[in-house]
Structures are given as structure tokens and as C-alpha cells.
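First the structure, in the form of C-alpha cells, and then the observations on it.
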Amino acid sequence: MKAPFLDLKAMHLELMDELQQASNRTMHSGWYILGKEVEAFEQEWATYLGVKHCIGVASGLDALHLILRAYNIGPGDEVIVPAHTFIATWLAVTHSGAKLVPVEVDERTYNIDITRIEEAITEKTKAIIVVHLYGQPANMDPIIGIARRYRLKVIEDAAQAHGAKYKGRRVGGIGDAAGWSFYPVKNLGAFGDGGAVTTNDDELAERIRMLRNYGSKEKYVHEFLGFNSRLDELQAALLRVKLRYLDAWNKRRAEIARLYTEVLQDMPLVLPYVEEWAEPVWHLYVIRTAERNVLQERLTEAGVGTLIHYPIPCHLQEAYRFLGFEQGSFPTTERLSKEILSLPIGPHLSDDEVWFVVNVLRFGKRLLREQGV
Ligand SMILES: *Cc1c(COP(=O)(O)O)cnc(C)c1O
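694 is the number of the first residue of the sequence shown in the working numbering; add one for each residue after it.
Here's what the structure looks like:
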């Protein structure tokens, strides 16, 4: 028996007929960039989220970057980001020219520590990017409260939270704007790169539409310096098929998470913490233990796929050496990077496979104790 970290192929086999129809339809349409499929997907994704506008772009990184550009956030400005996140959150700010101001994360939820946001604000601060990490919504109300007081934009990095709810509302329409990624392994994933911006702000939506398409609204008329960052027709057509299964697949992820949490309760592991107002979508099921490396080795040997999200904090990456952060700058983030482990989870993981993972965890742990590790 084996338990893959995520079986993408199984997801697509289930929908193969519909996916093939969608791709045939698009290939026969003779129109491949910014056409009916992208328009329809934008509408369907906005409706699903309960938000006014959706603009398809080329990736999650571009979505966040274009939001900052559209708000004219750049050199001389500061943007608050969580210390613990995927590097794209940080890169969006760096590429905008603004200064990164990382804030430590909460040790239980792994999302931005709301008690430390205010002390990071200066007169140069323009926005806070919150990340709904691992599919767990961030605590939006207090964050929006702070942002309103200091007149800051709240940008949601929703790349891991397709369908997640905060106090009954889907994330992605709660802040001023949200960036989405449809990278293949996300809860809603394309067959390549893709992304979107969602917002209730008419003006922002208009600017993003132009920014993604050479700064142009009318063909060959360019009002400002734009980019080429568009969601493909083909990806949009395939995403429309997969969107119809998102809720069912998220439900299955939640079942798996419930099972893990139930049966791992008595183990010396820190399990995911869920706030009472949160409806997470379990993009990842992340456990914590000081013996992470040994545990991961045992799981790998036994045929259980695991990953670490993420093994090196952004502030200690070579790419960010110029910021001058050192070991100890963000102790919680650094400890997480050494202790976290993502277990297999996905809509096609069977109960048997979940039990297999659990048994390997138990057996591995007992063995570790015997060896006095
Ligand atoms: C995947 C991801 C992104 C970036 O998405 P891409 O489509 O790969 O550019 C940004 N933020 C977070 C938290 C992500 O997980």
C-alpha cells in the first residue's frame, strides 16, 4: 500500500469526458486569448464567491503584483506581509518596488498575528496582504478594522483557499481585492498556470483588466504601461468544468481532515487548529513535531508522500539576503519551518489510504520512542 501526497491524475480521470469536450470546444472556436471562455469563467468564479468582479490573469503571483500596481503602490511605500507564507506573497511586493514589512505569524493558526500588525504600520504603509494559509481563513474583521483606521488596503492572498469561508462568507470578497492562483495542485487547479483577481472595487477591476492586457482597453490604444498576463481560453474552459466539482472535492478534503484529527488526537503531534468562525478548505493538512525530519523519512520509506510548506522562511532565502534579516528575526516562522509536515490530502485519497498514513505515523512514533529519539 502507498499513499500519494496528491493524485492529480485521479481527479482528472473522473472528469475526462467533460474536460475533453471543453478543450475540443475551445480548440474549435478559433479564439484563444480573452474570449468567451475567460469571460464565462470570470463570471462563474465571481458568482461562486459572491464578489462583483473577477479578472483572469496568468498566475497567482501576477494577480497580487497587478493589484499592487493598480493601487499605485510602489517605491517609497510599505506593504505588510506575513513572515510565514509561500514566497510569491513577498515577490509581488518586491516586484512592485514597495518595501516589504514582514509580520510574525500566530503559533496556532500559522496566519498573520493580528496583535503585531499595528506596531508594523508607519506613515508609509499602504496595504496589508493577508494569506489564508493552508486553506484556513485569516481573521479578517480585526485586520479590516486596523486597515480602516490607518486607511490601508487589505489584499487577500487566497491562492490556497478556494471556497473557504470566514464567518459564513467566502474569502476573496472580504478585503479590498484578492489574488487567486489556479496552479495545478491548488484546490481549483488548471492544466498549467493561471490566476485571477477578485474585487468589489469597480475602478480597480477596470485598471486590472487593462494592466493584464498591455495597458489597453481598445485594441492598439495604450493608456499606460501594461503587462501581458492573461488567463488562457483553454485553461478557463477546463477550470469551468472543475469549478462544478469544487464544493464536493472540498467536502471530501474536510472528511479526511476530520478523520486525521480524530485518530491522531492522542499522538504527540500538534494538529491543525481551526477557529470557531472558520470553514477551511484543507488545501493542506499540516502537523507539527520537533522530530519532523525523522518522521518524514519514515513516512517516505513506508510509501507515504509528504511535503514541507515551507522548509526555508522567505526572510532567510538567498534571494532576500539583501533585506538583511538574520536567524532569529522571526522565531515562530523559523520554528515552523523546522517542525511542520504536510500529510497526504486530496479529493481522491481513500479512507484506506488515510488509515495507512495514520498507521505508519503510529508505528513510526512507537519506533522512535523505543529508540529514545
Ligand atoms: C501558489 C501560491 C501563490 C502563487 O501562485 P502562482 O500561480 O504559482 O503564481 C501565491 N501565494 C500562495 C500562498 C500560494 O500558495
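Glycine included, C-beta positions come from ideal geometry on N, C-alpha and C.
- [ ] For Ser716, decide whether its Cβ has a neighbour in chain B, counting only Cβ atoms nearer than 9 Å.
- [x] In summary, chain B is missing from the structure at hand, where a single protein chain is found.
Open item on the list: To the nearest angstrom, how far is the alpha carbon of Val890 from that of Glu797?
Closed with: 26 Å
Task: Check whether Val934 and Leu761 have beta carbons under 9 Å apart - done: no
Open item on the list: Here's the rule: buried if 16 or more other CB atoms are within 10 angstroms of the residue's CB, otherwise exposed. What is Ile1005?
Closed with: exposed
Open item on the list: On the criterion of 16 or more Cβ atoms from any shown chain inside 10 Å, does Trp783 qualify as buried, or is it exposed?
Closed with: buried
Open item on the list: For a test of the three-state rule: what should DSSP assign to Ser1022, helix, strand or coil?
Closed with: coil
Open item on the list: Can you check which of these residues, Lys817, Gln1010, Tyr827, is closest to Tyr1068 by C-alpha distance?
Closed with: The shown model of the chain, from 694 to 1066, leaves out residue 1068, and the question about it has no answer.
TODO: Figure out for me which residue from Val878, Leu931, Glu899 has the closest Cα to the Cα of Asp710.
DONE: Leu931
Open item on the list: Let me check understanding here. Comparing Cα to Cα, which of Gly888, Glu896, Ala696 lies closest to Gly749?
Closed with: Gly888
Task: Inside the stretch 968–992 only - beta strand (DSSP E) runs reaching at least 3 residues - done: 978–981
Task: Spatial neighbours of Glu1027 in its chain, beta-carbon cut-off 8 Å, leaving aside the 5 residues before and after - done: Pro1006, Leu1009, Gln1020, Gly1021
Open item on the list: Let me check understanding here. Comparing Cα to Cα, which of Ile726, Pro877, Leu1054 lies closest to Pro961?
Closed with: Leu1054
- [ ] Identify whether Tyr876 lies in helix, strand or coil by the three-state DSSP scheme.
- [x] coil
Open item on the list: Taking 8 Å as the cut-off, is the beta-carbon of Tyr978 closer than that to any non-hydrogen atom of ligand 1?
Closed with: no
- [ ] Could you tell me if Asn906 is buried or exposed, where buried requires 16 or more neighbouring beta carbons within 10 angstroms of its beta carbon?
- [x] buried
Open item on the list: Tell me whether the stretch 910–919 and the stretch 848–857 touch, counting them as touching only if at least three CB pairs, one residue from each stretch, are closer than 8 Å.
Closed with: no
Open item on the list: With distance defined between alpha-carbon atoms, name the residue in Lys846, Tyr859, Ala715 nearest to Tyr764.
Closed with: Lys846
TODO: Please report the Cβ distance between Ile901 and Val1047, rounded to the nearest whole angstrom; I am assuming they are in contact, meaning their Cβ atoms lie under 8 Å.
DONE: Contact flag wrong, Cβ pair sits at about 40 Å.
Open item on the list: Going by beta-carbon coordinates alone, are Tyr1003 and Ile780 separated by less than 9 Å?
Closed with: yes
Task: Buried versus exposed, by CB contacts within 10 Å (16 or more), Gly753 - done: buried
Task: For Leu706, the nearest candidate out of Phe1056, Glu984, Arg991, Pro1040 (CA to CA) - done: Pro1040
Task: Runs of beta strand (DSSP E) wholly within the stretch 747–783 (minimum 3 residues, chain order) - done: 771–775
- [ ] Consider the C-beta atom of Gln1010 and the heavy atoms of ligand 1; say whether any pair is separated by less than 8 Å.
- [x] no
Open item on the list: For a quick check, are the C-beta atoms of Glu800 and Thr954 less than 9 Å apart?
Closed with: no
Open item on the list: Using the three-state DSSP reduction, which class does Ile901 fall into: helix, strand or coil?
Closed with: helix
Task: Sheet register partners of Arg888 (DSSP bridge) - done: One detail in the question is off: residue 888 reads as Gly in this sequence, not Arg. For Gly888, which the question treats as bridged, DSSP gives the partners Val750, Ser874.
Open item on the list: Nearer than 8 Å: is that true of the beta carbon of Ala781 relative to any heavy atom of ligand 1?
Closed with: yes
- [ ] State the DSSP-derived secondary structure class of Asp850, mapped to helix, strand or coil.
- [x] strand
Open item on the list: By alpha-carbon positions, which one of Ser1043, Val987, Phe1015, Ala995 ends up nearest to Ile1033?
Closed with: Val987
Open item on the list: I'd like to know whether the C-beta atoms of Ala831 and Ile805 end up nearer to each other than 9 Å.
Closed with: yes
Open item on the list: Taking only three categories from DSSP, how would you classify Pro1037?
Closed with: coil
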